[in-house]
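Using the working numbering, read the sequence shown as starting at 9 and increasing by one per residue.
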Amino acid sequence: MQEGSDGLYLLASAGSDLKVWLPRGDLPVKGAFVVPIDDHLDIRLHNLRRALRWLKREPLGPVLRRQGLSNFHRHRFVRMLRAVDGLRAGASRREIASSLFSRDVRSLSAIEWKNTSERRQLARLLAEANEYIQGGYLRILTGMRTRGHLFVGPDRGGSRAGGQVGK
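What follows is the structure in structure tokens.
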């Protein structure tokens, strides 16, 4: 347990993947889990058992394989978050690309910048980040695929409209 300026942080153990944040205020005297009965009940119950073990200070056990992230995806999600955070903090796309891809592209001419692979990589990262921000993160929580073109299909039509970061 660790007290922060914005609340109380509870960690299952050092390096654990299970963390709880309680915003500033009184700790709850009693708690409850609400578990919807749906197509993802098995995932919900598995994670509920992990949470109960955490409350009892027992070893958590493994994350479900279908919810786990490969090192590649973990690294990619970190890059997506850094790119979105940079835009929200007011950094230019060139500054973000220079930071993320370890190549200084800030001094390039406009035409050179337009033709760099870093610019295209950043555009792809931001497009994918926007999809996750707009609800795509649920694919991870429900154990669905997290690689390839997740969001282009007949139900979405490949549309990237509305509420996007960096547009």
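For every residue, glycine included, the Cβ atom is placed at its ideal position computed from N, Cα and C.
Using CA atoms only, rank isn't needed, just tell me which of Leu72, Leu56, Asp50 and His48 is closest to Ala40. Leu56
Do you know how far the Cα of Asp112 is from the Cα of Met152? Between Met152 and Asp112, the C-alpha separation is close to 36 Å.
Measuring CB atoms only, is the stretch 84 to 95 touching the stretch 117 to 135, in the sense that at least three cross pairs come out at less than 8 Å? yes
Reduced DSSP category for Lys122 - H, G, I as helix; E, B as strand; rest coil: helix
Taking Val71 and Ala137 to be in contact with their CB atoms under 8 Å, please state how far apart those CB atoms are, rounded to whole angstroms. So it is not a contact: roughly 22 Å between Cβ atoms.
Measuring CA to CA, which of Ala59, His48 and Ser13 is closest to Ile148? His48
Given a threshold of 16 other Cβ atoms within 10 Å of its Cβ, counted over all protein chains shown, does Leu95 qualify as buried or as exposed? buried
Ile104 by DSSP, collapsed to three states: which one? DSSP places Ile104 in the helix class (H, G or I) of the three-state scheme.
Answer with buried or exposed for Tyr140, where buried requires no fewer than 16 other C-beta atoms within 10 angstroms of its C-beta. By the 10 Å Cβ count, Tyr140 comes out buried.
Check each candidate in Gln75, Ser110, Ala59 and Thr124 and name the one with the smallest Cα separation from Leu146. Checked all of Gln75, Ser110, Ala59 and Thr124; the closest Cα to Leu146 is Gln75.
Output the distance between the C-alpha atoms of Val43 and Thr150, rounded to the nearest integer angstrom. 14 Å
Mind checking which residues open and close the alpha helix (DSSP H) that includes His48? His48 -> no alpha helix (DSSP H), and no H or E assigned at all.
Check Leu77 in the structure and name its three-state DSSP category. coil
Please go through the same chain and pick out, in chain order, the residues whose beta-carbon is closer than 7 Å to the beta-carbon of Phe80, but skip the five residues on each side of it. none
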